[in-house]
Amino acid sequence: MAGFLFFLFFIKQCDMRVLVAICFFFFQISFARQNIVSAQDKDTLAGEYGRLITPGNLKKQLYTLASSEMEGRETATPGQEKAAAYIASQFAQMGLAPGANGKWLQHYPLYSDSLLHASITVNQQSYKWGRDFWVDIRAGKNQQLTANSVVYVSDGTEMDYLDQEVKGKVVMMKEASLRNREGSDLNSRITFAAARGASALLIISPQASRYSSLGEAKLRTSGIYQKNASSKELNIYYITPTIAIQILQLGKKDNLSDQKQAKEVTIPIHLTFEKRTTELHPSNVLGLLEGTDKKDEYVFVTAHYDHLGKNGRTIYFGADDDASGTSAVIEIAAAFAQAKKEGKGPRRSIVFMTVSGEEKGLLGSSYYTSNPIYPLSQTVTDLNIDMIGRIDPAHEKDSNYVYIIGDNRLSSELRTINEAANNEYTHLQLDYKYNDPEDPEAFYYRSDHYMFAQHGIPIIFYFNGTHADYHQPSDTPDKINYQLLSRRAQLVFYTAWKIANRDERLAVDGM
Ligand SMILES: [Zn+2]
């Protein structure tokens, strides 16, 4: 107690102003010391709570999420809704707060189109949808179009339009452009036709009839998509060469591939297209664990709970992809919630978010980061878990590993913290192979963390690599290595613990 006696001795000899200054000085020293001690305590505590993330608990979660009842959890299906309700109930049970403005679910709009009717009639000759032509359901608007001519633009490159006015007209072009490599990209040629004001586009496709093999049900729906202001608004009909030959009025000796000259052909043509658009409301699930003295800064721990659903009676269980990550998020949340109950909660707030729409193109995380519930400027990091229950072929002999992706791209501190957590507790081999920006698999762009990274938020993507069961019905819970799953989940927990409890906010100083 020398420090305290020294302090008493000192006050006798000082006037009041000095005393105040000294008091303040000592107060700061003792406060700082207390902080250091509590930080050390906290790291010892981390081990205590991290051990709550057990193989047994994870297994229970994973078997529920990847059960037949959840039907493969496809976005905007009853299976996905069941999974969302289950995750919310787990968050509620452990004492998290509803994280989406007082609710558990953040709903977002998606769209799906189904084709009701499409027809092409050329000079009284009717053609059949699904046999003679098919349509781009998503791009099309309802239309009833009667015209007296068709503008043929051959390859449909810019040059082909030089002498042709196509505004408000039906335009016809070849699907493959062989002449001009620069203009050969079909999408850019479609965009060009739309920009020139075509009212409909007929694309001559030798394979226009092949789609009939997909089956009526698949053909008649656009699939799920996000409304996008820049999406091309042009009706596109993929037609067989037979229709093109009639439109161009070619004789038996003429060859379609010889038709290189753009021209307007006079011929009566009637096109109809009718679809129904359904609005869907899938959700992200958010649970909040409020922090203490730094509660206005947020650490995100994420995984996607959606998967591919089912095809007929075949269920895509998605045990590894990504019931493994979702189970990990639930159990990590439970460990933090227990710490908080015992007065050892994190200084920063932690948001546990499981998103949907991932398999459809990161739609749930894209919606969240465009419509954030917590300010992105106050979001410190996103630790994203997508597939951590399996061993990839490259690690069959040495399976105590996890791939770490993206950790050093936006913050110089994140790798150090993650490695410290691993050295102290989990002792996994951290494999940075897929963090190489040149890696052809480009995994960095392929899961939800990327949506956060796009906003300059430092991220880590935890991943086990792909395997033979990836995106197959055979991705089942019995193939998960629960020991490994728990160790990898613990690594995320310890890293989150460090980030949430340190004095300084994680630096953002990368590219
Ligand atoms: Zn997937």
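All letters in the sequence shown, in the order written, are residues 1 to 511 by UniProt numbering.
By construction, the Cβ of each residue, glycine as well, lies at the ideal position given by its N, Cα and C atoms.
Look at the alpha carbon of residue i and the alpha carbon of residue j, and state the distance between them as a whole number of angstroms.
i	j	result
TYR403	THR495	15 angstroms
ILE373	GLY345	22 angstroms
GLU71	PHE463	24 angstroms
THR354	GLN207	41 angstroms
PHE493	ASN311	36 angstroms
VAL153	THR266	14 angstroms
LEU65	ALA85	11 angstroms
ASN408	LEU288	27 angstroms
TYR238	ASP136	8 angstroms
ILE190	TYR444	30 angstroms
ASN123	ASP185	31 angstroms
ASN481	PHE273	51 angstroms
ARG347	THR379	14 angstroms
PRO375	ILE269	54 angstroms
ILE243	ILE203	10 angstroms
LYS433	GLN259	51 angstroms
GLN90	LYS275	40 angstroms
ALA323	ALA88	15 angstroms
With the cut-off set at 9 angstroms, would you say residue i and residue j are in Cβ contact?
i	j	result
SER283	HIS449	no
LEU485	PRO55	yes
ALA489	ALA328	yes
PRO394	LEU52	Just to set this straight, residue 394 is Ala in the shown sequence, not Pro. The answer is no: Cβ separation not under 9 angstroms.
LEU201	ALA195	no
HIS304	SER356	yes
VAL151	ALA262	yes
ILE460	ASN384	yes
PHE300	PRO473	no
LYS227	TYR111	yes
ASN57	LYS141	no
ARG73	ASP306	yes
Is it right to say residue i is buried, meaning 16 or more other beta carbons lie within 10 angstroms of its own, or is it exposed?
i	result
GLY102	exposed
ASP321	buried
LYS360	buried
ASP475	buried
GLU279	exposed
PRO458	buried
LEU116	exposed
THR44	exposed
ARG313	exposed
ALA78	Looking at the sequence provided, one finds Pro at residue 78 rather than Ala. Exposed, since its Cβ has fewer than 16 Cβ neighbours within 10 Å.
GLU48	exposed
LYS174	buried
PRO440	exposed
ASN148	exposed
ARG370	First, the residue type needs correcting, since residue 370 is Ser and not Arg in the sequence shown. Classification for SER370: exposed.
LYS498	buried
GLU358	buried
ALA468	exposed
LEU162	exposed
LYS253	exposed
Is the closest heavy atom of ligand 1 to the C-beta of residue i under 8 angstroms?
i	result
HIS449	no
ASP322	yes
LEU410	no
GLU359	yes
HIS307	yes
GLY318	yes
HIS471	yes
For the alpha helix (DSSP H) that contains residue i, what are its first and last residues?
i	result
LYS341	325–341
TYR450	449–453
PRO477	Looking at the DSSP string, PRO477 is not in any alpha helix (DSSP H), and its letter there is neither H nor E.
ALA83	78–94
LEU248	241–248
residue 516	Within the shown structure, residues of the chain are numbered from 1 to 511, placing residue 516 beyond reach of any answer.
LYS59	55–65
LEU186	186–195
Start and end of the beta strand (DSSP E) containing residue i?
i	result
THR221	221–225
ALA420	Element bounds for ALA420: not the beta strand (DSSP E) but the alpha helix (DSSP H), 414–421.
SER68	Note, SER68: premise wrong, no beta strand (DSSP E); not H, not E.
PHE300	294–304
ARG348	348–355
PHE384	A quick correction: the sequence has Asn, not Phe, at residue 384. Residues 379–385.
THR146	143–152
ASN284	283–289
THR277	263–280
ILE120	110–122
LYS253	No beta strand (DSSP E) holds LYS253; DSSP gives it neither H nor E.
TRP134	133–135
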